[in-house]
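Structure record follows, encoded as structure tokens.
Number of protein chains: 2
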Amino acid sequence: MIAIVNVFLKEGVLDPQGKAVHHALDTMKFEGVEDVRIGKQIIIKLSETSKAKAIEEVTKMAEDILANTVIENYTIEIVE
Amino acid sequence: MIAIVNVFLKEGVLDPQGKAVHHALDTMKFEGVEDVRIGKQIIIKLSETSKAKAIEEVTKMAEDILANTVIENYTIEIVE
Chain A
3 MIAIVNVFLK EGVLDPQGKA VHHALDTMKF EGVEDVRIGK QIIIKLSETS
53 KAKAIEEVTK MAEDILANTV IENYTIEIVE
Chain B
3 MIAIVNVFLK EGVLDPQGKA VHHALDTMKF EGVEDVRIGK QIIIKLSETS
53 KAKAIEEVTK MAEDILANTV IENYTIEIVE
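What follows is the structure, encoded as structure tokens:
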């Protein structure tokens, strides 16, 4: 079973990496870019076969170590 | 229009960040974790309204600056 955890900064939290990429895109004459935000995508391969248990386990991982919930949100998706 | 670009290391390329998270999860007694890979998720807000043109533009961005295509693959998704 594969879980995909997307971790991204909360709305309103400054994203310097995104700002840097936005600036670079402007410099390279890409037009019409209004905003860039950069997050992490964590792909976890689990031996667990129950989808419900996998979500429970991965939620705990996200809360404990993958995301800093003070400034970051996360989404969890189980793909197979 | 919002484009999501997922950039991840190619199969076979060492992912030290993923290895570190895998190790941390093991240390924290999370069981059944077989593999962890970590990629970047870049969310770009575009003023472009044509989906085809947005894909074309974002593909160029990915090739030119967002991904290092020697060691990384990317996927592009247009969400709205």
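Quick note, the sequences are listed as chains A and B, same order. If you number the first sequence the way our numbering does, the last residue is 82 and the count never jumps. If you number the second sequence the way our numbering does, the last residue is 82 and the count never jumps. Note that CB positions come from ideal geometry on N, CA and C, so glycine has one too. Predicted model only: the values in this text are computed from it and were never measured.
In whole angstroms, what is the alpha-carbon distance linking residue i and residue j?
i: G34 of chain A; j: I6 of chain A; result: 30 Å
i: T51 of chain B; j: K55 of chain A; result: 41 Å
i: K21 of chain A; j: R39 of chain B; result: 25 Å
i: V15 of chain A; j: E36 of chain A; result: 17 Å
i: I78 of chain A; j: E65 of chain A; result: 11 Å
i: I46 of chain A; j: I4 of chain A; result: 6 Å
i: Y76 of chain B; j: T61 of chain A; result: 26 Å
i: K31 of chain B; j: T71 of chain B; result: 35 Å
i: E59 of chain A; j: A69 of chain A; result: 14 Å
Compute the distance between the beta-carbons of residue i and residue j, then report whether it is under 8 Å.
i: K42 of chain B; j: K42 of chain A; result: yes
i: L48 of chain A; j: M63 of chain B; result: no
i: V9 of chain B; j: E74 of chain B; result: yes
i: I44 of chain A; j: I80 of chain A; result: no
From the DSSP secondary-structure annotation, give me the bridge partner or partners of residue i.
i: V107 of chain B; result: This structure does not reach residue 107 of chain B, given that chain B is present from 3 up to 82, and the question cannot be answered.
i: N8 of chain A; result: A:Q43 and A:T77
Of the choices the options, whose alpha-carbon is the least far from that of residue i?
i: I67 of chain B; options: A:I4, A:T29 and A:D17; result: A:T29
i: E82 of chain B; options: B:K31, B:K53 and B:F32; result: B:K53
Beta strand (DSSP E) segments (min. 3 residues) lying fully within the region 25-51 of chain A: 35-48
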